[in-house]
Each structure stands twice: as C-alpha cells, then as structure tokens.
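*Asks:* First, the structure itself, so that you have it in front of you.
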Amino acid sequence: MILPVVMAGGSGTRLWPLSRGNYPKQFLSLSGEHTMLQDTLSRLNGLVHSPAMLICNEEHRFIAAEQVRQLGVKHSGIFLEPVGRNTAPAIALAAFKAIEKGEDPLLLVLAADHIIDDIVSFHQSVNKASELAKQGKLVTFGIVGNKPETGYGYIKRGEEFSTGFVVDSFVEKPDLETAKHYIASGDYYWNSGMFLFKASRYLAELKAFRPDIYNACKKAIEIQSNDLDFIRVDRAAFEACPDESVDYAVMEHTQDAVVVPMDAGWSDVGGFAALWEVSTKDENGNAFTGDVKAVDTKNTLVFGEDKLVATVGVENLVIVNTKDAVLVAHKDQSQHVKSIVQQLKAENRSEATMHREVYRPWGKYDSVDNGERFQVKRITVKPGAKLSVQMHHHRAEHWIVVSGTAKVQIDDTEQFVTENESVYIPITAVHALENPGKVDLELIEVQSGSYLGEDDIVRFEDRYGRVKG
1 MILPVVMAGG SGTRLWPLSR GNYPKQFLSL SGEHTMLQDT LSRLNGLVHS
51 PAMLICNEEH RFIAAEQVRQ LGVKHSGIFL EPVGRNTAPA IALAAFKAIE
101 KGEDPLLLVL AADHIIDDIV SFHQSVNKAS ELAKQGKLVT FGIVGNKPET
151 GYGYIKRGEE FSTGFVVDSF VEKPDLETAK HYIASGDYYW NSGMFLFKAS
201 RYLAELKAFR PDIYNACKKA IEIQSNDLDF IRVDRAAFEA CPDESVDYAV
251 MEHTQDAVVV PMDAGWSDVG GFAALWEVST KDENGNAFTG DVKAVDTKNT
301 LVFGEDKLVA TVGVENLVIV NTKDAVLVAH KDQSQHVKSI VQQLKAENRS
351 EATMHREVYR PWGKYDSVDN GERFQVKRIT VKPGAKLSVQ MHHHRAEHWI
401 VVSGTAKVQI DDTEQFVTEN ESVYIPITAV HALENPGKVD LELIEVQSGS
451 YLGEDDIVRF EDRYGRVKG
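Using UniProt numbering, the letters of the sequence shown correspond one by one to residues 1 to 469.
Set out below in structure tokens:
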C-alpha cells in the first residue's frame, strides 16, 4: 500500500509578497480554485493509497489542518516539526511512524508546493515506480525537461532497469550552456524532489549512511504525543538532528537508486517567472488575477488582491498588489525578490513574514487601520469556534457585530450580541468570544490603549492548546 507523505514546510520567499513566512505558497491558491496543498492531495485521487500523512512547521499547523478539512479528505496525521531540519529527517519521522504497527508501506514523498497538469501521466509514473519500490529500490522521479533550466538540479540516468533507469549521478544546478547539453543529450532529467520507497528500506539506508540523523529521529519519535490532529515529537532530540536533504543523506550514496521519468506538466513554481509560465494567459501573453485593466500590455503577470490594478504600455513585468505591499519587478529579474525579503527581515519589518490578514485556528482577522493608540480589525469566527479566555493589561476593546451572533464572556457575566449591537471590554477584564451559530460571525474590533501588540494577551483557557501547563 502507498502512504503519501506530503512535505508542507518551506517559506517560498521568491513569491513575496504573496508568499510569506506565516502563510507560504503551499497554502495559497495560485493556479486555480484550490490551494497548492489541496491540489497535491487531490491529485492522489485514482491511486490506491492510505490517507496521506502531512509534515509541516509548528506555526502552520492550523492552516494545514483547516485546508485538509475544507477538502473533505482523511489524513494519517499531521507531523509538526519543532524546527526545520530539511527533508531527510522529515521523511525519517514519517517512516518511523509508518512502521510502528508492523506495516511497511511504500512512502510516496511529495512536496505540497508543486504544480502537475497531467494527472494521468503522474499516476502512470507512480504505478511504474511502485513495482520498483516493492523490489527494494529507492525511486526518484525525473522530470522530462522541455528547455534548458538552470534553476533545477539534474539526474543523469544510467542503464535501463525494468520500468526505469539506474541513477548514474545527481548533478548540481548547471550554467546555461551545460543545461543545453543536458537537455539535448536526453540522458538527464530535472530533479523533482519526489520519491517512492519502502519505509524500511529508507530507514535502513539512512542508518547506513547517516546514523546521526537516524538516531536523532528515532529518539525524537520515541517521545511523541498527539494534540488534536497533530503529532508532536521530542523537541530537544529533533533540534539535535543535522539539517540535511534526502538527496545528500541517502540518494547520492545508495546503490539502489533508480529514476522513473515523468512528463506531466510539472513545475515547482520557484518564482514569478515560473508562475507566469504555468498560468493561463490571454492573446497578449498576460496572466491576470483580480481586478485588472490593461492597455498595450504584453507578457505581464498581475495579481490584484483587493483593489483595481491598471497597466499602460508595459511589457514583461510582474505586478503584485496585496493589502499591505506592492511589488513591481521585471519578469526576468523577479527571482531577486528574495533580496527584498532579506532587507525587510534585517529591518524587523512585519511584512517579511506577516500578511495583513492573519489566520487563526478559530478563524481570521484583518488589521484594517491603526494609529498611535488605536487599531481596527475585522474579525471572522468560524461556526462553533471560540477564542481563548484572555485578558489584556494595556488595551480596551469595542466589538461591533456585523453579521451572526456572538456569545461574549466578560468576567463573570455572559451575553449574546447580535447584528448591529456592540459590547465594551475594559482593560484587565477576563473575556472570551464564541460563535454559537451555524454561519460565520463577523465583527469589527476597535482596540484603544497604550500598547496594542499581540503579545499583550494573557490566556487562561484555550481549546487549541495555546495555554502552557
């Protein structure tokens, strides 16, 4: 049986300001109705497989769980990495978990931020790889390249082996002339970062070549705990694990590496130029999302989040408008946007990691306006959800209900507040907000006080595990 392991970590800084540290590209809708994570899970339909296992960062846990819930699919657990340690340790956690009950499934390792257009070809490649993995081979999927690409590593194939090829070597990202030679030869594939192998075979090879990673992960998962949908491992043990990719740790050393070609319209959407290439374009080569008006505009990518974007007489540009940032870049230089992110981080700017709209396990809030002693938020609470019982030392709050019904606790009293009604929460009052209804609760929150930071929250009770025992 195949157990999909979906890697949903990463920050996607080359797609800033769409992708940010607290809401990276795998959780965004970039090429259709669903997010990239949801598309990754959906393309498994048609394969015989167990419910997927997810691996993500601690800070993304509620986003990942909510997107799986929205899709209506089952999962085998969501692993939370206490810290990022690259793909070799992450896969090791999944492999140890997979064999806990005496089973030995085939692990289909997928990234949550890839686009694959041809699902049939994807399934065909996976089925071919399954036969090899059952024989104890460690399979990597090589993308049949359609152009010389300097942004990917390559896999050189050796002699034919059953439904694939023996891996001759893994090659680092080449320069343009070398990439042209690779594509012309037909012996090289783009390294997709997708794999298929038995859980036991991966662990055996990891133990042989990187016993330090093997032992750290084994120790980490021996002290695991379940928290809602999430699987937590021992933080200290995992922090001690080396940071290493599966390519360097295992695939470049094993004698059982084989590559199965895949020609399925694959892209890792590594930047805005790649996003433009995979997007639906008009007769002028433009890819527009949102409210866009264009005159004499060609080969341009525009994302308009919340306001009209107009272009006149431009070509080969990337224009991204979000609620709190605007990016304008030449399409051929758009990969350097990560330099902007580095500047923002150096200046401790919130825009490097935070969107104006922030998702929480109970819903979301949008910081509409702020000044020296006030802040205005639009808050959405999901049906049945409740914010933590909390208090603030430095701010008071007014809540005005726009739609739905709020159940409000202020110290020892409870009341229901409905549309067009408001309630006042004084400084230091212990309070909570709950949506007892069947539809979203929307309200406007006006904060006032000497300090309005999110760290001025003292939590007493929380159903999402955010109160330290």
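C-beta atoms are modelled at their ideal positions from N, C-alpha and C, and glycine is treated no differently.
Leaving aside the five residues before and after residue 394 along the sequence, list all residues of the same chain whose C-beta is less than 8 Å from its C-beta, in chain order.
*Replies:* Within the same chain, residue 394 has close Cβ partners 427, 449, 450, 451, 452 and 456.
*Asks:* Using DSSP with H/G/I as helix, E/B as strand and the rest coil, what is residue 97?
*Replies:* helix
*Asks:* How would you call residue 53, buried or exposed, if buried means at least 16 neighbouring beta carbons within 10 angstroms?
*Replies:* Looking at its Cβ environment, which holds 16 or more other Cβ atoms inside 10 Å, residue 53 is buried.
*Asks:* May I have a chain-ordered list of the alpha helix (DSSP H) segments no shorter than 4 residues that lie completely inside the UniProt domain "MannoseP isomerase/GMP-like beta-helix" (294-344)?
*Replies:* none
*Asks:* Taking the straight line between their C-alpha atoms, what separation do you get for residue 253 and residue 137?
*Replies:* 13 Å
*Asks:* What are the boundary residues of the alpha helix (DSSP H) that residue 212 is part of?
*Replies:* 211-222
*Asks:* For residue 60, count the other beta carbons within 10 Å of its own beta carbon; 16 or more makes it buried, fewer makes it exposed. Which is it?
*Replies:* buried
*Asks:* Determine the DSSP secondary structure at residue 111, reduced to helix, strand or coil.
*Replies:* strand
*Asks:* State the Cα-Cα distance for the pair residue 196 and residue 246, rounded to the nearest angstrom.
*Replies:* The straight-line gap from Cα to Cα measures roughly 12 Å.
*Asks:* Give me whichever residues DSSP pairs with residue 16 in a beta bridge.
*Replies:* According to DSSP, which records beta bridges pairwise, residue 16 is partnered with nothing at all.
*Asks:* Is residue 24 near residue 320, with beta carbons less than 8 Å apart?
*Replies:* no
*Asks:* Out of 222, 410 and 107, which one is the CA nearest neighbour of residue 396?
*Replies:* With distances taken between Cα atoms, residue 396 lies closest to 410.
*Asks:* What is the rounded straight-line gap between the Cα of residue 224 and the Cα of residue 207?
*Replies:* When rounded, the distance between both Cα atoms is 20 Å.
*Asks:* When the Cβ atoms of the stretch 287-307 are set against those of the stretch 146-155, are three or more pairs found closer than 8 Å?
*Replies:* Because the criterion of three Cβ pairs below 8 Å is not met, the stretch 287-307 and the stretch 146-155 do not touch.
*Asks:* So, do the stretch 253-265 and the stretch 119-128 have three or more beta carbon pairs nearer to each other than 8 Å?
*Replies:* yes
*Asks:* Three or more C-beta pairs closer than 8 Å, one from the stretch 212-221 and one from the stretch 85-98: is that the case here?
*Replies:* As far as the Cβ criterion goes, the stretch 212-221 touches the stretch 85-98, which means the pair count is three or higher.
*Asks:* Where does residue 254 fall in DSSP's three states?
*Replies:* coil
*Asks:* When you compare only the Cα positions, how much space is there between residue 370 and residue 387?
*Replies:* 22 Å
*Asks:* Could you spell out the range, first to last residue, of the alpha helix (DSSP H) harbouring residue 39?
*Replies:* Where residue 39 is concerned, the enclosing alpha helix (DSSP H) stretches over 36-42.
*Asks:* Among 339, 346 and 365, which one has its Cα closest to the Cα of residue 355?
*Replies:* 365
*Asks:* Whose C-beta lies closer than 7 Å to the C-beta of residue 382 among residues of the same chain, with five residues either side of it excluded?
*Replies:* 362, 363, 435 and 440
*Asks:* Between the Cα of residue 463 and those of 421, 420 and 385, spot the shortest distance and give me the residue it belongs to.
*Replies:* 385
*Asks:* Alpha carbon to alpha carbon, what distance is there between residue 134 and residue 256?
*Replies:* 12 Å
*Asks:* Considering Cα atoms alone, identify which of 423, 416 and 2 is closest to residue 398.
*Replies:* 423
*Asks:* For the alpha helix (DSSP H) holding residue 127, just list the boundary residues, first then last.
*Replies:* 119-134
*Asks:* For residue 383, which three-state DSSP category applies?
*Replies:* coil
*Asks:* Please state whether DSSP places residue 156 in a helix, a strand or coil.
*Replies:* strand
*Asks:* Run through DSSP, which three-state label would residue 457 get?
*Replies:* coil
*Asks:* Name the two residues that bound the continuous beta strand (DSSP E) containing residue 76.
*Replies:* For residue 76, the enclosing beta strand (DSSP E) starts and ends at 75-81.
*Asks:* Mind checking if residue 376 is an interface residue toward chain C, Cβ cutoff 8 Å exclusive?
*Replies:* Reference to chain C is not applicable here, since this structure consists of a single protein chain.
*Asks:* Quick check on the burial criterion: 16 or more other C-beta atoms within 10 angstroms. Buried or exposed for residue 72?
*Replies:* exposed
*Asks:* If you check the beta carbons only, do residue 170 and residue 191 fall under 8 Å apart?
*Replies:* yes
*Asks:* Considering residue 27, what are the terminal residues of the alpha helix (DSSP H) in which it resides?
*Replies:* Neither: residue 27 is in no alpha helix (DSSP H) and is coded neither H nor E.
*Asks:* Could you check what DSSP says for residue 168 in three-state terms: helix, strand or coil?
*Replies:* Three-state result, residue 168: strand.
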